[in-house]
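Novice: Heads up: the sequence shown at position 223 corresponds to 222 in numbering that gives the first Met the number 0, and the numbers run straight through without jumps.
Built from N, CA and C at the ideal position, the CB exists for glycine as well.
These numbers come from a predicted model, not from an experiment.
Structure provided below as C-alpha cells; questions to follow.
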Amino acid sequence: MRVQKLSLRNFRNYTEAIFIPHPSINIITGSNAQGKTNLLEGIYYSLRGRSFRAERDKDISKWQTKQTIIDSEISLTSRIFHIHWKIGERTKKLFFNGVETPRSELDHFGVVMFSPEDLYLIKGSPQERRHFLDFEVGQLSPGYSKIWRQYSRVLHQRNTLLKEIRDRRSNPEMLEVWDDQLYRHGAKVIYLRLEVLKKLIPLARKIHFSLTGGAEELQVKYLSSLVLEPGLSEEKIYQIFLNSSKKLRKIELLRCQTLLGPHRDDLSLAINGIEAKTFGSQGQQRTVTLSLKLSQLDLWYHEFGYYPVLLLDDVLFELDRDRQSMLVNKVMNKVQTFITTSFTGGIEETIKGSGILWQVQAGSLRQREEF
Ligand SMILES: Nc1ncnc2c1ncn2[C@@H]1O[C@H](COP(=O)(O)OP(=O)(O)OP(=O)(O)O)[C@@H](O)[C@H]1O
Ligand SMILES: [Mg+2]
C-alpha cells in the first residue's frame, strides 16, 4: 500500500500543499514548529478519518479558515483509490472514489504510527493500553471498530441509567434493556482483541528478541476484569460476563458504574519476567513499543497480503544505531515510511537509492535531495 499523492488545503499550518512521496522512505526534516508532525497528521487523518492528537476536528483546520480539504491517492494491490475529506466548522464528509461514504470504507487502509507519546503505552495508565487495543490492535480485525463503538454507546447509556436509578428517576428493571447488549458486544470486543493478540504477541516477541540480540524476552498478557481461561469461545465469554456482572449488581448501583467489561481491561508487558512499566529503562520501554509497532506491520502483511504505511514522528534518532538500522532494513523497499526529524544523523547514506529527503519550512514542503 502506498500514498501516491497527498494534497492539503487549510490543514494546520499548511495553506496549500501537494506532496508526492517516495514509495519507500521519506525523511521529513526541518526546524521545530515548521509542520513536520502536521504532515504526518495529514496522512494519518486521510486514512483514519481522525487525528492522532487533536481532540476536536476543528483543531486541524488552519486558524481563521472555514474549510479544510485533505485529498489523497492511495495505491493498493495495483488499484488507485481516491480519498477526499471535506471538513467544515460543523461538518465532515468523506468522498471515496468520488462517492460520499461512511468512514468504515477505509478500514482496509492500514497505518502504523510511532511517536514519543507512544511510550505511555508502557508508562501510562491502563487507559493508554486500551487505546492501543482499540485503535491499533483493533485495526487488524475487520469489524472491530464498529463493535467497539456499539459497546461504548451501550456502556455510556447503562452508566447514565445507573445514575438515574440512584436518583430515583428510573426503575432498576430498566437495566435489563441494556444488560444483554452490554454482555453481547462486550464479549465480542474481548474475543476479537484476544484473537488478534494471539497472532500479534508471537511476532512481537520474535522482533523484540532480535532487536535485543537475544538478551530480552518480551511477555505480553491480556488482563481481563473477567476471569477468563485461554481459548474461550465468544459465547463462553458472554456467559462469564453475564454471571459475573449479576453478582456485582448491588455495588454497581451504589457506585453508578459498570465495573466489569473490556473498558476495565489492561495489558501486562514484561521483559524477562519483570514489569516494563516499573522497572524498564527508557531504552527498554522504547524497544518494547517498537516491537509492538513492527509486529503490527508483519501481522498486517500476514493477514491482508500488503504492508500498511508507517509514520515515525521524532523517534528514529532516539534509538541506538543498531536499532535504527534494523528498523530501516526492515522497512526499506517494502513499507512506505515517513520519518520526521530535525536532524538527519547521516541516515542519507543508509537509505541511498530508496528514499527522498524533504525539507519543511513554515508549512511549505520541498524536496531536498534524491539518493
Ligand atoms: N490549526 C492550526 N492552524 C495553524 N497553525 C497551526 C495549527 N495547529 C498547529 N499549528 C502550528 O503548526 C506549527 C507546526 O507544528 P508541527 O507540530 O508540525 O511542528 P514540527 O515541525 O513537527 O516541530 P517539532 O520539531 O517541534 O516537532 C506549530 O507552530 C503550530 O503552532
Ligand atoms: Mg513534530
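1) So, for I59: in the same chain, excluding its five sequence neighbours on each side, which residues have a beta-carbon less than 8 Å away from its beta-carbon?
2) Return the residue from the list R152, K197, I200, S169 that minimises the CA-CA distance to P180.
3) Can you pull every residue whose C-beta falls closer than 7 Å to some heavy atom of ligand 2, listed in chain order?
4) Would you give the residue range spanned by the beta strand (DSSP E) that S243 belongs to?
5) Who are the near neighbours of Q138 in its chain, counting only those whose CB is closer than 7 Å to its CB and skipping five residues on each side?
6) CA-CA distance, S23 and K249?
7) Since D178 is in the alpha helix (DSSP H), which residue starts that stretch and which ends it?
8) Using only alpha-carbon positions, find the residue among S114, R128, R365 that is nearest to R192.
9) Am I right that K187 and I146 are in contact with their C-beta atoms under 8 Å? What's the rounded C-beta distance?
10) Assuming S71 and I82 make a contact with CB atoms under 8 Å, what is their CB distance in whole Å?
11) Give the range of the alpha helix (DSSP H) segment to which V153 is assigned.
12) Give the straight-line distance between the Cα atoms of D265 and R367, rounded to the nearest whole angstrom.
13) Let me know the secondary structure DSSP gives E317 once reduced to three states.
14) Can you give me the C-alpha to C-alpha distance between S290 and H207, rounded to a whole angstrom?
15) Once DSSP output is grouped into helix, strand and coil, what is the label at D56?
16) Mind listing, in chain order, the continuous beta strand (DSSP E) runs of no fewer than 3 residues lying wholly within the stretch 70-101?
17) Contact check, I355 vs H21 under 8 Å by CB: the rounded distance?
18) Quick one: residues in its chain with C-beta nearer than 7 Å to the C-beta of K162, no 5 flanking neighbours on either side, listed in chain order?
19) Would you tell me roughly how many angstroms separate the C-alpha atoms of T349 and V330, rounded to the nearest one?
20) Does the beta-carbon of L222 have 16 or more other beta-carbons within 10 angstroms, so that it is buried, or is it exposed?
21) Consult DSSP for Y13 and reduce its assignment to one of helix, strand or coil.
22) For a test of the three-state rule: what should DSSP assign to R128, helix, strand or coil?
Specialist: Looking at the atomic coordinates:
1) Walking along the sequence shown from the start, residue 59 turns up at place 60. Only F10, R11, E40, Y44, S50, A53, T67, I86 meet the Cβ criterion.
2) Within the sequence shown, residue 180 is the residue found at index 181, counting from 1. At residue 180 the sequence reads Gln, which differs from the Pro that was named. Among R152, K197, I200, S169, the Cα nearest to that of Q180 belongs to R152.
3) In chain order, the hits are K35, T36, D312, D313, T339.
4) Walking along the sequence shown from the start, residue 243 turns up at place 244. Here S243 belongs to no beta strand (DSSP E); instead the alpha helix (DSSP H) covers 233-246.
5) The residue given as residue 138 occupies position 139 in the sequence shown. Closer than 7 Å at Cβ, skipping near neighbours: G109.
6) Residue 23 sits at position 24 when you count from the first residue of the sequence shown. Residue 249 sits at position 250 when you count from the first residue of the sequence shown. Their Cα atoms are separated by approximately 57 Å.
7) If you number the sequence shown from 1, residue 178 lands on position 179. Unbroken alpha helix (DSSP H) run through D178: 174-210.
8) On the sequence shown, residue 192 is found 193 positions in, with the first residue counted as 1. Of the residues S114, R128, R365, the one whose Cα lies closest to the Cα of R192 is R128.
9) Position 188 of the sequence shown, counted from the start, is the residue given in the question as residue 187. Position 147 of the sequence shown, counted from the start, is the residue given in the question as residue 146. With 8 Å as the limit, K187 and I146 qualify as a contact, their Cβ atoms being about 5 Å apart.
10) The residue you call residue 71 lines up with position 72 of the sequence shown. The residue you call residue 82 lines up with position 83 of the sequence shown. Right, their Cβ atoms sit about 5 Å apart.
11) Counted from its first residue, the sequence shown places residue 153 at position 154. Bounds of the alpha helix (DSSP H) holding V153 are 143-165.
12) Here the question's residue 265 lines up with position 266 in the sequence shown. Here the question's residue 367 lines up with position 368 in the sequence shown. D265 and R367: Cα-Cα distance of roughly 44 Å.
13) Numbered from 1 along the sequence shown, position 318 holds the residue referred to as residue 317. E317 falls in the helix class under three-state DSSP.
14) The sequence position of residue 290 within the sequence shown is 291, counting from 1. The sequence position of residue 207 within the sequence shown is 208, counting from 1. C-alpha separation (whole angstroms): 5 Å.
15) Your numbering for residue 56 matches position 57 in the sequence shown. Helix, per DSSP.
16) Taken in chain order, the complete beta strand (DSSP E) segments of 3 residues or longer contained in the stretch 70-101 are 78-86, 91-95.
17) Translated into the one-based positions of the sequence shown, residue 355 becomes position 356. Translated into the one-based positions of the sequence shown, residue 21 becomes position 22. Between I355 and H21 the beta-carbon gap is near 4 Å, inside 8 Å, which marks them as a contact.
18) For the purposes of this step, residue 162 is taken as residue 163 along the sequence shown, with counting starting at 1. These residues qualify, in order along the chain: C255.
19) Your numbering for residue 349 matches position 350 in the sequence shown. Your numbering for residue 330 matches position 331 in the sequence shown. Each residue's alpha carbon lies about 12 Å from the other.
20) Reading the sequence shown from its first residue, position 223 is the one you call residue 222. Answer is exposed; the Cβ neighbour count stays below 16.
21) On the sequence shown, residue 13 is found 14 positions in, with the first residue counted as 1. Three-state result, Y13: strand.
22) Here residue 128 corresponds to residue number 129 of the sequence shown, with the count starting at 1. In the three-state DSSP reduction, R128 falls in the helix class (H, G or I).
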